[in-house]
Amino acid sequence: MDFSSIIGQQEVIDSLKNSIESEKVGHAYIFAGPTGIGKKTVARIFASMLLCSNSGVAGSCGECLSCRLAENNSNPDFHEVNPEGASIGVDEIRDVLSNIVVRPMYGKKKVYLIIDAERMTVQAQNSLLKTLEEPPSYGVIILTTSNYGALLETIRSRTIKLSFKKNSPLEIKALLEGRFGNTIKAVDFVTSYADGIIGTALKLAGSEEFIALREKTLELLQKLRRSKLSTVFDQYPFFEENKEDVDVILDIALLFFRDLLAYKNTGDENILINSDKKDIILNNASVYSTDRLIRSVETIENTRKIIKQNANYQLSIEVMLMKLQEEDVEW
Amino acid sequence: MSYIALYRKWRPLVFEDVVEQEHVVKTLKNSVVTGRIAHAYLFCGTRGTGKTTMAKIFSRAINCLQPKDGDPCNECDVCKGILSQNILDVVEIDAASNNSVDNVREIRDEVIYAPSQAKHKVYIIDEVHMLSTGAFNALLKTLEEPPSHVVFILATTEPHKLPATILSRCQRYDFRRISVESIMARLDNIAQAGGVSIQKEALRLIAKLSDGALRDAISILDQCMGLGTAEVSYNDVLSVVGIVNDVFIAQVVDALNSKEIHKILQLIEELVMNGKDATQFVSDLVYYYRNLLICKITDKPGEIIEASAEVIDTMKRQVSSLSQDEIMHVIKELSLLESSLKWTTHPRILLEVSLLKICKSNSSLDSDNILGRLALLEEKISSGTITVSTGNREAAAPANKPGASAEKKTASASDSSASKEKDAPVAFTGAGKTLPMWDKVLEELRKSGRMVLFTNLIGSKAIEIDQKIVGIVFENGGSFNKMLVSKAENAEVLESVLGKVLGREVRIKCLDADDARNSTKSAQPEEKDEFVEKAQEIAKRINAPLNIIDE
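Respectively, the protein sequence lines represent chains A and B.
Just so we're aligned, residue 159 is where the first sequence starts under the numbering used here, counting upward by one.
Just so we're aligned, residue 1209 is where the second sequence starts under the numbering used here, counting upward by one.
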């Protein structure tokens, strides 16, 4: 395995390669960047290079015992901690702590990869602190996170942070066209919707469901503007059916209002994210007031937050719909 | 030997090397020299200020066979043993992962045994704030009266989470954030030892970013040195930490000041495309506005703000068009944004919307803004420079004067030129009379698209009850229509249309046919209020316009 399959992220890769080459591999890293940008992939490749017995800077050999074991996910020197359910608890971290004191079996290093580290509970983060600061000489701990700010200050201060940058639209478009040919619809939209994140782009490009979900959400939002307060409740079943994807729906709504806001205030069609729905945006931009759009965006974000905090799903959604439906208050 | 991160490699081994914290160093050294060693210490302070380091040094200092002026020698058997963790008399416990009562019971059971090689048995309990309540309480007795050979050192970043009973049993030392100068000096040392030269500006930036925490600073330096270049420049640091330079921020502030929304969106696009962290950017922006505020308040901002002269000049230019309140408003808004960024998966959108909101804040209705407008008013009033557009008000004044008698009004109506007939006030013709212009009013409603009101008024009559009140009489059975019309929003529309047609302000009163008969009967000729009359007299004498609001 090597880094050649990674598109972009040149600085991160250079820095990692550099550290292997000069034998200055740190003991704790944070890979920070939006979901789907390739943090996990890079981390796995980096781990395989650290574990490989005859690794060079080019990549892991794929032939030594470590590499072959790693291919089957059975290398005892590599551990991956994934959030089970909503969070990573203190028990999972304790497993890591008791495991890290055992010397590596095959290679020179032991690598621990904690995915979505911001989901560690406060206790879990605290229990990691001491080990994160001074792990055994062979230990390397890599955290990946899409929300660097949510980690404890004390965790952040102990780690080396590598920020993953978004890819340019051109890179993504080229990748999509290369991978799917011309079979997918709305390459332009997916490209700009993905907002520089390869994972999102790949996921969406192949997904009919996503396109359908988007159509429905946009339709609902437009309907909402014209409807009466009482009809708001008729919209709820749509959210119930797509409860799993509520984040996506909120994203779509957010981007819709963002586009309205951006277009309304600049009149520039080129900055739209929903570029293939230009007509909808243009039609609606004049109807909403800027204040109302700003409030809508805040409402959506607030709803996302309270749903994450386990507020009643139906109530939160209905309140949100009512607020979005609300006419401008005349003063 | 594998590579060790700089902040571990450069962990001080003697009190001398600890950066700042003189107040702690002095006391601890003295206690080693005089042998007055307490049995429980509590070290608290923010991350990276030297708590654990100090605890480690102290544990060696009190056990060292040949201490030099309070410092451990790091050469005797005991010191070496502790450094290599071969001596089990110094125990470093991670309280965050061993936080249960059972773990504390273990300690309690162990402490009674005398140390094997060293003089003292030292328990360093790090991250002590994570102990459970049960564990804290289990520790209390031991912490108060441990055997004479035992020393506890508790270290934490969050002393407020400890129970008061723990706090009162320890000697507490608060570690302060480390000053920028000291951090710079330390970093310079480390860089030189690593054979890397580093620009002064870059040093200052790292020191500023680390917010008084030396470990953060050294981590950043470590990353910068990892670039492999012989000289670390300001821009290297910027790209390593993923932040933007002051010039970029200044551009954003300029765009915000001139409310160029398009420019702002472009700048954000640029920010995101370069992989910069939105959260970091927002806190930088807050910091910049804080500096702007300082520029606004003081004459010599250069003494407080750590920035180059050019940057300060730019700030001075920018601040000239801003008021203190405006700056504070922006800071408040951005701080809100900072906290909501923690939740979102689309930091970019939130950033865009917040900046847009700041641009539009003049039209928003939050209390800050309204307070701002009030302040403006107050200022105008106190300075006496109120300009009022007088045209309309004077024209409307006679019509509004409720005291003016009907005859006089008719006279003035006929006086005014015939071409203006439409606008001329229509006089009050007497209580109970049907209003002749009612059809006209209805027509007006229909034309202006108030169809609901219009249809509900079909079949109704209007009568005048007194000077200011027009009764709308609905036929029996029209109670639904009546209800609709008397709704506040409909009534308002009707009143305004009536007012336009009649040329004077009127109120409406919705009546059933029966009511109407009674009300006309009871309607008395307008009672003259003595007080009002007097007031009018006075007004006439001093020749001032008088507007009486009759509630």
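Beta carbons: idealized from backbone N, C-alpha and C, even for Gly.
Beta carbon proximity, G1657 (chain B) to chain A, threshold 7 Å: no
Backbone CA spacing between E221 (chain A) and T199 (chain A) [nearest angstrom]: 20 Å
Length of the line joining the Cα atoms of F1344 (chain B) and F1456 (chain B): 50 Å
Whole-angstrom distance between V1227 (chain B) and I243 (chain A), CA atom to CA atom: The question names Ile, yet the displayed sequence has Gly at residue 243 (chain A). If you take the alpha carbons of G243 (chain A) and V1227 (chain B), they lie about 44 Å apart.
Completely contained beta strand (DSSP E) runs for the segment 319–389 of chain A, where each covers 3 or more residues: none
Residues within the segment 1416–1444 of chain B neighbouring chain A, beta-carbon criterion of under 8 Å: A1421, R1423, D1424, S1427, D1430, Q1431, G1434, L1435, G1436
Cβ shell of P293 (chain A) (< 7 Å), same chain only, five flanking positions each side left out: Short of 7 Å from the beta carbon of P293 (chain A), and not among the five residues preceding or following it, lie these beta carbons of its own chain, in chain order: H185, I258, I299.
Coarse secondary structure for D1438 (chain B), derived from DSSP in three states: Note that residue 1438 (chain B) is Ala in the sequence shown here, rather than Asp. Residue state, collapsed to three classes: coil.
Helix, strand or coil at D1334 (chain B) according to DSSP, with G and I counted as helix: strand
Boundaries of the alpha helix (DSSP H) in which L1665 (chain B) is found, first to last residue: 1659–1665
Contact list for K198 (chain A) against chain B, beta-carbon separation under 8 Å: Per Cβ cutoff of 8 Å: no residues; K198 (chain A) is ~16 Å from chain B at best.
Cβ pair E329 (chain A), G217 (chain A) closer than 7 Å: No.
Identified DSSP bridge partners for M1691 (chain B): M1691 (chain B) is not bridged to any residue.
Whole-Å CB distance - Y1215 (chain B) paired with I1361 (chain B), under 8 Å assumed: So it is not a contact: roughly 20 Å between Cβ atoms.
Alpha-carbon spacing of A370 (chain A) relative to G1402 (chain B), whole angstroms: 58 Å
C-beta atoms of V1660 (chain B) and V1714 (chain B) nearer than 7 Å: Taking C-beta atoms as the reference points, V1660 (chain B) and V1714 (chain B) fail to come closer than 7 Å.
E1615 (chain B) versus N1664 (chain B) - alpha carbon distance: Because the pLDDT of E1615 (chain B) is 46, which lies under 50, any placement of that residue in the model is unreliable, and the number read from its coordinates should be weighed accordingly. Going from the Cα of E1615 (chain B) to the Cα of N1664 (chain B) covers about 34 Å.
Cutoff 7 Å: N400 (chain A) Cβ touching any chain B Cβ: no
Distance CB(V183 (chain A))-CB(Y1211 (chain B)) smaller than 7 Å: Annotated as proximal: V183 (chain A) and Y1211 (chain B), with beta-carbon spacing under 7 Å.
Helix, strand or coil at R1219 (chain B) [DSSP, three-state]: coil
Contiguous alpha helix (DSSP H) assignments of at least 4 residues, all confined to the segment 278–327 of chain A: 280–291, 311–314
Limits of the unbroken alpha helix (DSSP H) element including Y1497 (chain B): 1486–1505
Local conformation of R416 (chain A) per DSSP, three classes: helix
Buried/exposed call for Y421 (chain A), threshold 16 Cβ in 10 Å: buried
Residue nearest to G1667 (chain B) in terms of C-alpha spacing, selected from B:S1656, B:V1693, B:K1676: B:V1693
Within chain B, partners of Y306 (chain A) - CB distance below 9 Å: Those are D1485, T1487, Q1488, listed as they occur along chain B.
Straight-line Cα distance separating F1223 (chain B) from E1389 (chain B): 19 Å
Neighbour flag for V348 (chain A) against chain B, beta carbons, 7 Å: Put simply, the CB of V348 (chain A) is far from chain B, with every gap to its CB atoms at 7 Å or more.
Assumed close pair A1458 (chain B), T1522 (chain B) - CB separation to whole angstroms, cut-off 8 Å: Contact between A1458 (chain B) and T1522 (chain B) holds, since their C-beta atoms are separated by about 5 Å, short of 8 Å.
Beta-carbon proximity of N1271 (chain B) to A1326 (chain B), cut-off 7 Å: In this structure, A1326 (chain B) lies closer than 7 Å to N1271 (chain B) by Cβ.
Under 7 Å by beta carbon: chain B residues contacting R252 (chain A): S1305
Cα-Cα separation between L482 (chain A) and T279 (chain A), rounded to whole angstroms: 33 Å
DSSP state of E1629 (chain B) mapped onto helix, strand, coil: Summary for E1629 (chain B): the model assigns pLDDT 42, below 50, so the residue's position carries little reliability, and this model does not support an answer.
Distance, F1682 (chain B) Cα to N1689 (chain B) Cα: 8 Å
Sub-7 Å separation of I1476 (chain B) and L1559 (chain B) beta-carbons: yes
CB-CB length for L301 (chain A) against I272 (chain A), believed under 8 Å: 5 Å
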